[in-house]
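Everything below concerns the one structure shown next.
Residue numbers (this note's numbering): 2 to 93.
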């Protein structure tokens with residue numbers, strides 16, 4: 002029975018479950034799974050995450066006001082148009 006694990010290399014690319022992981026990659030994990038994000042994609046990921054958070058805030062506010070879940074989550078074409086108008090009114 003093996004009781005200890007000793008690394009034989011540090012800061013080298015590896016394959017983990019057929020996924021390439023390179024030193025510097027961003028690892029995001031929770032109880033649902035793991036995502037490996039190449040560090041070069043981090044700025045775009047931050048941009049997309051910010052947009053998603055903003056969209057979720059809009060949808061939550063509309064749902065709290067009694068809006069139809071089918072319209073706001075996910076955004077229907079009508080909800081998307083309303084979201085774009087809301088963003089413009091917010092100066093975004």
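Every residue, glycine too, gets a C-beta built ideally from N, C-alpha and C.
Would you identify the three-state DSSP class for residue i, choosing helix, strand or coil?
i          : result
residue 90 : helix
residue 36 : strand
residue 2  : coil
residue 8  : coil
residue 68 : coil
Since residue i and residue j should fall inside the 8 Å C-beta cutoff, what is the C-beta to C-beta distance between them, to a whole number of angstroms?
i          : j          : result
residue 88 : residue 73 : That pair is no contact at about 14 Å.
residue 71 : residue 77 : 7 Å
residue 24 : residue 35 : Contact doesn't hold; Cβ gap of about 17 Å is too wide.
Less than 7 Å between C-beta atoms, sequence neighbours within five positions excluded: which residues of the same chain meet that for residue i?
i          : result
residue 37 : 20, 22, 26, 28
According to DSSP, what are the bridge partners of residue i?
i          : result
residue 13 : Its beta-bridge partners do not exist; DSSP assigns none.
residue 30 : 35
residue 21 : 16
residue 76 : 73
What does a CB cutoff of less than 6 Å around residue i pick up in its chain, not counting 5 residues either side in sequence?
i          : result
residue 60 : 73, 74
If you compare alpha carbons, which of the options is closest to residue i?
i          : options     : result
residue 52 : 93, 2, 9, 7 : 93
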